[in-house]
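J.: First, the structure itself, so that you have it in front of you.
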Amino acid sequence: MTRTNVIQIGLIAFFIGAVGYGIFLALGLDGSKAGIASEAVLVCLIIAWIGSYFYRVVSGKMTFMEQRKRYRKAYEQLTKTSLEEKFDSMSEEEKIRLINELEIDKK
């Protein structure tokens, strides 16, 4: 997360609090009660957000992990395709020699 993201999240939280305060004032609460109510709503939202973060950590569905899985899958597919193309372009004698070398390496 970059500094810009942190600043954006902070501004969004501030904006949500201000909008909540305005809504509670419009509903007829006085200033202090509207402030407490909007703060309570904001705290609940932040706790839910943190809870979702912990859920993603425990379940392994974090953004980095997902990116890593997609990268690994794409890399394996590319490698497999490249190796298949190279193997198909080999002559029969080269294929037999390679297979024999691999058989020897297995033992």
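Residue numbering for the sequence shown follows my numbering, starting at 1206 and increasing by one per position. Just so you know, even glycine gets a beta-carbon here, dropped at the ideal spot from N, CA and C.
Round the Cβ separation of Ala-1218 and Phe-1229 to the nearest angstrom and send it over; I've been treating them as touching at under 8 angstroms.
T.: That belief does not hold up - the Cβ atoms of Ala-1218 and Phe-1229 are roughly 17 angstroms apart, past 8 angstroms.
J.: Going by the CB atoms, is the gap between Leu-1247 and Gly-1225 shorter than 9 angstroms?
T.: Yes. Within cutoff.
J.: Using the rule of at least 16 other Cβ atoms within 10 Å of the residue's Cβ for burial, across every protein chain shown, is Ala-1223 buried or exposed?
T.: So Ala-1223 counts as exposed.
J.: With respect to the alpha helix (DSSP H) encompassing Thr-1209, which residues constitute its N-terminal and C-terminal limits?
T.: Where Thr-1209 is concerned, the enclosing alpha helix (DSSP H) stretches over 1208–1231.
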